[in-house]
Ligand code: AMP
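Residue numbers (my numbering): 70 to 357.
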């Protein structure tokens, strides 16, 4: 596995690899099985796999956890190598943003719901860094986790509206055995909160069951999911929303593909989870 730290070297390397099928897995590091599942699929579908590790300051708000975000470059490099990553791109903040950006990218549609509502500017930062990373790595296929489903929807708009010649692939959320979605931020949870946190997925499964049972009114489902979380955790609900997917618009009656998504704030961690469902309640795993 090659470790590359500069934009110039990365772009030179890609020039040499331009006839290869390249799978790209962008991450913020502190790797876990969720990240590795993306690598595993990317390996099967491409000649080489590039992973980036970059904690992007542009997507963190002033009171968010940019400084505290867990980092372990040495371990990540070992894990990425074992997983079969061909090139690990680890630029510094200064390498990615040598000067203050004079171009501001802003995403509209779908960015003012779910996490976009409580994290203003977050997805603007995400699409900015991804535009740069896509240019640097020029992938054939880009792999994202559906755990961050709103991010997937925003990247979908970025790729289609700005005509990136990249195939976007969304893969299922990898979970702990008790259902908690794997996340680098789970390390922030106290042991009591870790127990409580399983309620997020249980609440989503309850919502799914209601849809399978034939309930078509989103309001009823949201209420039940909220009640479940409220009675089984000490965390505070940031949102429970049911929207069309990937358009992220309000739904009056469930007769199209939807996302049921939750965000719950614990003392140090804000956890998100979701499921993407067909109108009959069956779950979608891979999107491309
Ligand atoms: P992050 O390092 O948190 O920015 O995540 C990098 C990529 O890994 C994103 O596409 C995430 O959606 C994906 N990812 C994070 N957690 C999981 C998970 N539990 N299952 C599947 N993909 C995940």
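Heads up, the beta-carbon is just placed ideally off N, CA and C, and yes, glycines get one too.
*Name the one or two DSSP bridge partners that residue 120 has.*
94 and 157
*asked:* I'd like the span of the beta strand (DSSP E) that includes residue 246, first residue to last.
replied: Element bounds for residue 246: n/a, residue is neither H nor E.
*What residue does the alpha helix (DSSP H) around residue 142 start on, and which one ends it?*
142-152
*Can you name the start and end residues of the beta strand (DSSP E) that residue 211 belongs to?*
210-214
*Is any heavy atom in ligand 1 found nearer than 7 angstroms to the beta carbon of residue 285?*
no
_With H, G and I counted as helix, E and B as strand and the rest as coil, what does DSSP make of residue 355?_
coil
*Name the one or two DSSP bridge partners that residue 334 has.*
305 and 339
*Grab me the residues of residue 263's own chain with a C-beta within less than 8 angstroms of its C-beta, minus the 5 sequence neighbours each way, in chain order.*
249 and 255
*For the beta strand (DSSP E) that contains residue 172, what are its first and last residues?*
Where residue 172 is concerned, there is no enclosing beta strand (DSSP E), given that its DSSP letter is neither H nor E.
_Closest to residue 133 by C-alpha separation, out of 222, 284 and 188, would be which residue?_
188
_So, for residue 251: in the same chain, excluding its five sequence neighbours on each side, which residues have a beta-carbon less than 7 angstroms away from its beta-carbon?_
101, 102, 103, 243, 244 and 245
*Can you tell which of 191, 72 and 167 has its C-alpha closest to the C-alpha of residue 177?*
191
*Check the C-beta distance from residue 298 over to residue 333 and give it rounded, since I have them as a contact under 8 angstroms.*
6 angstroms
*Could you tell me whether the Cβ atoms of residue 228 and residue 238 are closer together than 8 angstroms?*
no
*Helix, strand or coil for residue 253 per DSSP?*
helix
*Throw me the rounded Cβ distance for the residue 79 and residue 73 pair, which I believe falls under 8 angstroms.*
5 angstroms
_Looking at ligand 3, does it come within less than 7 angstroms of residue 144, judged from the CB to the closest heavy atom?_
You won't find ligand 3 in this model; what it holds is ligand 1.
*From what residue to what residue does the alpha helix (DSSP H) around residue 280 run?*
268-281
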